[in-house]
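Asks: Chains as they are written, first to last, in the working numbering: chain A, 161 to 352; chain B, 161 to 352.
Using N, Cα and C, we set each Cβ at its ideal position, and we do this for glycine too.
There are 2 protein chains.
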Amino acid sequence: MYRQVKKYINDRMPFPDDDLEKALLFSDIQYFKKGDYILRAGEQCRFIGFLNYGLIVSTLIDETGKEIPCGFTKNDCFFTYTEGLINNAPSHKHFIALEDCEMLMLQKDKLPLIFSLNPKFETLFTKMLADDLRIALLAEQNIRICSVEERYLHFIETFPDVFNRLPLKYIAGYLGIEPPSLSRLRKRLMKG
Amino acid sequence: MYRQVKKYINDRMPFPDDDLEKALLFSDIQYFKKGDYILRAGEQCRFIGFLNYGLIVSTLIDETGKEIPCGFTKNDCFFTYTEGLINNAPSHKHFIALEDCEMLMLQKDKLPLIFSLNPKFETLFTKMLADDLRIALLAEQNIRICSVEERYLHFIETFPDVFNRLPLKYIAGYLGIEPPSLSRLRKRLMKG
DNA sequence: GTGAGAACTTAACCATGGTTAATTTCTCAG
DNA sequence: CTGAGAAATTAACCATGGTTAAGTTCTCAC
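Rendered as structure tokens:
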């Protein structure tokens with residue numbers, strides 16, 4: 161049950177197996193069905209999750225009420241809403257299961273206990289925040305300076321496994337275009 | 161010379177004047193002429209600055225070599241490139257003075273000295289990072305879900321002082337459109 | 001296997017924004 | 001004050017992407 165999360169953590173910052181086991185005893189496990197809301201906009205995120213299997217999309221609601229996909233979390237990745245965790249801010253986004261999900265969940269009130277097990281856990285936590293910042297800045301840069309075509313190709317290249325499990329309408333939304341427009345783009349790329 | 165930065169810090173987290181004075185002794189002061197590069201893309205940012213007066217634009221370079229404005233720093237605000245400060249990563253952006261600038265500069269190697277003066281300085285530093293993350297995420301959201309018109313109005317409302325000091329072509333670039341297109345938008349808003 | 005609904009593609013039409021160039025307005029050094 | 005260069009606006013043209021609707025393919029529960 162803990163094999164995947166242990167690998168993820170050890171790949172980034174090695175820990176004695178004993179510490180990991182103790183820390184993971186504070187977590188519980190939760191299942192979501194395809195289509196379930198994992199977190200709704202307006203709700204507060206009080207946990208850090210690790211996705212053993214499944215796929216999650218986060219969506220923003222625009223002024224017309226339309227849901228815009230703006231990010232994906234796949235199996236073997238951590239899942240949380242950092243802003244909420246740090247500042248108790250309510251989520252701006254919906255998080256919806258696109259596949260059945262199994263998630264290891266650590267409630268935020270357990271964090272101090274884990275940090276006291278081994279202070280390196282707090283360093284790991286900070287590292288994950290810094291990664292979040294880097295990713296958010298890259299996402300903004302990406303939107304500003306890249307054409308839709310470049311962003312489409314970049315997405316396929318960077319997340320081929322996610323791409324193959326995702327209905328194209330989510331890709332279109334993520335790129336900020338409509339499905340017919342994505343079809344045109346794909347046709348153009350086939351020919352070229 | 162330190163009045164403004166002291167006010168900025170005390171507004172967010174009050175410090176004994178003595179600690180602030182000692183900390184600020186580690187800083188030096190630097191002047192930039194309109195048009196000067198404060199930091200070039202590829203260079204590493206090794207300081208935290210506080211802008212006593214002036215205006216700075218940050219720009220990204222797209223695939224055609226065009227410079228895209230993506231942010232502004234005005235007087236009485238802190239200035240740095242967070243990614244570089246934390247991870248020693250080179251800047252992705254140019255930072256250019258749009259007006260003559262006076263900047264208080266604290267070299268990054270002085271940070272541990274200041275943190276040891278009063279540990280609350282480290283808390284303040286972390287708070288500034290968390291703010292950076294919040295702003296980056298909001299910027300991405302803003303681009304994804306708001307129309308150009310909304311973003312234009314939002315910019316005027318949020319940064320009226322910056323708007324009034326800024327040639328419109330920078331606003332156009334920041335919004336991701338060309339100057340003629342911004343002219344059309346402004347004309348439409350006049351009539352409506 | 002079959003049928004219903006979702007996903008994807010295609011086509012036709014239209015509105016919006018890019019591009020270019022001309023014109024006007026602004027700014028500031030001399 | 002004057003003239004040169006930058007900034008902003010305007011107009012005309014064109015390419016691109018949104019919209020709608022129709023048609024095709026896919027998926028999956030029964």
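Out of Ile295(A), Ile303(A) and Tyr191(A), which one is the CA nearest neighbour of Glu336(B)?
Replies: Working through the second sequence from its first residue, we reach residue 336(B) at position 176. Note on residue identity: the sequence assigns Gly, not Glu, to residue 336(B). Cα-wise, what sits closest to Gly336(B) is Ile303(A).
Asks: How would you label Leu349(B), buried or exposed, when you count the other beta carbons within 10 angstroms and need 16 or more for buried?
Replies: Numbered from its first residue, the second sequence carries residue 349(B) at position 189. So Leu349(B) ends up on the exposed side.
Asks: Beta-carbon of Gly364(A) versus every beta-carbon of chain B: anything under 8 Å?
Replies: No answer is possible for residue 364(A): it lies beyond the span of chain A, which begins at 161 and ends at 352.
Asks: Nearest chain B C-beta to Thr283(A) closer than 8 Å, yes or no?
Replies: Numbered from 1 along the first sequence, position 123 holds the residue referred to as residue 283(A). Chain B, which has no Cβ nearer than 8 Å to the Cβ of Thr283(A), makes this no.
Asks: For Val322(B) and Lys234(B), I'd like the C-alpha separation in whole angstroms.
Replies: One-based indexing of the second sequence puts residue 322(B) at position 162. One-based indexing of the second sequence puts residue 234(B) at position 74. Taking the straight line joining both Cα atoms gives about 7 Å.
Asks: Look up His254(A) in the DSSP assignment and say whether it is helix, strand or coil.
Replies: Stepping through the first sequence from its first residue, residue 254(A) is reached at position 94. His254(A) falls in the strand class under three-state DSSP.
Asks: Whether or not the region 251 to 271 of chain A and the region 188 to 200 of chain A are in contact is what I'm after, with contact meaning three or more pairs of Cβ atoms, one per stretch, closer than 8 Å; do they touch?
Replies: Result yes; three or more Cβ-Cβ pairs closer than 8 Å.
Asks: Expressed to the nearest angstrom, what Euclidean distance is found between the alpha-carbon atoms of His238(A) and Ile274(A)?
Replies: Residue 238(A) sits at position 78 when you count from the first residue of the first sequence. Residue 274(A) sits at position 114 when you count from the first residue of the first sequence. Position check: residue 238(A) holds Phe in this sequence, whereas His was assumed. Their Cα atoms are separated by approximately 17 Å.
Asks: I want to verify the contact list: residues of chain B whose CB lies under 8 Å from the CB of Ile316(A), in sequence order.
Replies: Numbered from its first residue, the first sequence carries residue 316(A) at position 156. Within 8 Å Cβ-Cβ: nothing; Ile316(A) doesn't reach chain B, min ~18 Å.
Asks: For chain A, is any of its Cβ atoms less than 8 Å away from the one on Ala299(B)?
Replies: Looking up residue 299(B) in the second sequence gives position 139. Yes, contact with chain A.
Asks: Would you kindly check if the distance between the Cβ of Ser218(B) and the Cβ of Lys253(B) is under 8 Å?
Replies: Within the second sequence, residue 253(B) is the residue found at index 93, counting from 1. Within the second sequence, residue 218(B) is the residue found at index 58, counting from 1. The answer is yes: Cβ separation under 8 Å.
Asks: Whose Cβ in chain A lies nearer than 8 Å to the Cβ of Leu220(B)?
Replies: Taking the second sequence and counting its residues from 1, one reaches residue 220(B) at position 60. Correct list: Gln301, Arg304 and Ile305.
Asks: For a cutoff of 8 Å on Cβ pairs, would you count Ala296(A) as touching chain B?
Replies: Numbered from 1 along the first sequence, position 136 holds the residue referred to as residue 296(A). Yes, Ala296(A) lies at the interface with chain B (some Cβ there is under 8 Å from its Cβ).
Asks: Mind pulling the chain B residues with CB within less than 8 Å of Leu328(A)?
Replies: Start at 1 with the first residue of the first sequence, and residue 328(A) comes out as number 168. Residues of chain B passing the Cβ test: none, with the nearest at roughly 18 Å.
Asks: Could you give the distance in angstroms between the alpha-carbon of Ala257(A) and the alpha-carbon of Asn212(A)?
Replies: Residue mapping note: residue 257(A) aligns to position 97 of the first sequence, counting from 1. Residue mapping note: residue 212(A) aligns to position 52 of the first sequence, counting from 1. Whole-angstrom Cα-Cα distance: 13 Å.
Asks: Rounded to the nearest angstrom, what separates Ile221(A) and Leu185(B) at their Cα positions?
Replies: Your numbering for residue 221(A) matches position 61 in the first sequence. Your numbering for residue 185(B) matches position 25 in the second sequence. Going from the Cα of Ile221(A) to the Cα of Leu185(B) covers about 48 Å.
Asks: Let's see if you can read the secondary structure: which residues bound the alpha helix (DSSP H) around Leu313(A)?
Replies: Taking the first sequence and counting its residues from 1, the one referred to as residue 313(A) is at position 153. Here the alpha helix (DSSP H) through Leu313(A) covers Val308 to Thr318.
Asks: Pro228(B) versus chain A: which residues are under 7 Å apart at the beta carbon?
Replies: The residue you call residue 228(B) lines up with position 68 of the second sequence. Looking at the sequence provided, one finds Ile at residue 228(B) rather than Pro. Near Ile228(B) (Cβ distances below 7 Å), the residues of chain A are Arg304 and Ile305.
Asks: Name the residue from Leu289(A), Gly231(A) and Lys167(A) whose alpha carbon lies nearest to the alpha carbon of Gln301(B).
Replies: To locate residue 301(B), count along the second sequence from 1; it is residue 141. Nearest C-alpha to Gln301(B): Gly231(A).
Asks: Taking the alpha carbon of Arg206(B) as the reference point, which residue from Leu180(B), Tyr241(B) and Ile228(B) has its own alpha carbon closest?
Replies: Here residue 206(B) corresponds to residue number 46 of the second sequence, with the count starting at 1. Of Leu180(B), Tyr241(B) and Ile228(B), the residue nearest in Cα terms is Tyr241(B).
Asks: In this structure, does DSSP put Phe281(B) in helix, strand or coil?
Replies: Position 121 of the second sequence, counting from 1, holds the residue named residue 281(B). Reduced to three states, the DSSP call for Phe281(B) is helix.
Asks: Between which residues of its own chain and Lys329(A) is the CB-CB distance below 7 Å, once the five residues before and five after are set aside?
Replies: Within the first sequence, the letter at position 169 stands for residue 329(A). Excluding residues within five positions, the ones whose Cβ falls inside 7 Å are Pro339.
Asks: Just the Cα atoms here: how many angstroms apart are Val165(B) and Asp171(B)?
Replies: For this step, residue 165(B) is matched to residue 5 along the second sequence. For this step, residue 171(B) is matched to residue 11 along the second sequence. Each residue's Cα considered, the two are about 10 Å apart.
Asks: For the putative contact between Ile305(A) and Ile331(B), defined by C-beta atoms under 8 Å, what is the C-beta separation to the nearest angstrom?
Replies: Within the first sequence, residue 305(A) is the residue found at index 145, counting from 1. Within the second sequence, residue 331(B) is the residue found at index 171, counting from 1. With a Cβ gap of about 17 Å, Ile305(A) and Ile331(B) do not count as contacting.
Asks: So who's on the other strand from Pro174(B), going by DSSP bridges?
Replies: Here residue 174(B) is taken as the residue at index 14 of the second sequence, counted from 1. Partner(s): none; Pro174(B) has no beta bridge.
Asks: Between the C-alpha atoms of Asp292(A) and Lys270(B), what's the straight-line distance to the nearest angstrom?
Replies: For this step, residue 292(A) is matched to residue 132 along the first sequence. For this step, residue 270(B) is matched to residue 110 along the second sequence. Computed Cα separation, rounded: 26 Å.
Asks: Can the beta-carbon of Leu326(A) be found less than 8 Å from the beta-carbon of Glu243(B)?
Replies: As a working mapping, residue 326(A) is identified with position 166 in the first sequence. As a working mapping, residue 243(B) is identified with position 83 in the second sequence. No, Cβ-Cβ distance for Leu326(A) and Glu243(B) is not below 8 Å.
Asks: I need the boundaries of the alpha helix (DSSP H) containing Glu243(A), first residue and last residue.
Replies: In the first sequence, the residue the question calls residue 243(A) occupies position 83. It spans Thr242 to Asn247 - the alpha helix (DSSP H) in which Glu243(A) sits, taken as one unbroken run.
Asks: Using a Cβ-Cβ distance under 8 Å, would Glu243(A) count as near chain B?
Replies: Taking the first residue of the first sequence as position 1, residue 243(A) is located at position 83. Answer yes: the Cβ-Cβ gap between Glu243(A) and chain B drops below 8 Å somewhere.
Asks: Short of 7 Å in beta carbon distance, which residues of its chain neighbour Leu309(B), apart from the five on each side in sequence? Order them along the chain.
Replies: Residue mapping note: residue 309(B) aligns to position 149 of the second sequence, counting from 1. Checking the sequence, you will find Glu at residue 309(B) rather than Leu. Leu345, listed in sequence order.
Asks: Below 7 Å on C-beta distance, what does Ile246(A) contact in chain B?
Replies: Here residue 246(A) corresponds to residue number 86 of the first sequence, with the count starting at 1. Correct list: Ala290.
Asks: Would you mind telling me which residues of chain A sit closer than 8 Å to Gly336(B), beta carbon to beta carbon, in chain order?
Replies: Locating residue 336(B) in the second sequence gives position 176, where the first residue counts as 1. Those are Arg304, listed as they occur along chain A.
Asks: Tell me the start and end of each unbroken beta strand (DSSP E) in the region 323 to 352 of chain B that is at least 3 residues and wholly inside, in chain order.
Replies: Entirely contained in the region 323 to 352 of chain B, not one beta strand (DSSP E) run reaches 3 residues.
Asks: Let me know the secondary structure DSSP gives Tyr168(A) once reduced to three states.
Replies: Position 8 of the first sequence, counting from 1, holds the residue named residue 168(A). The answer is helix: DSSP assigns Tyr168(A) an H, G or I state.
Asks: Kindly list, in the order they appear in chain B, the residues whose Cβ is closer than 9 Å to that of His252(A).
Replies: In the first sequence, the residue the question calls residue 252(A) occupies position 92. Those are Leu297, Leu298 and Gln301, listed as they occur along chain B.
Asks: Ignoring anything shorter than 3 residues, give me the beta strand (DSSP E) runs that lie fully in the region 167 to 237 of chain A, in order along the chain.
Replies: You should have 188 to 192, 197 to 199, 207 to 213, 215 to 221 and 227 to 234.
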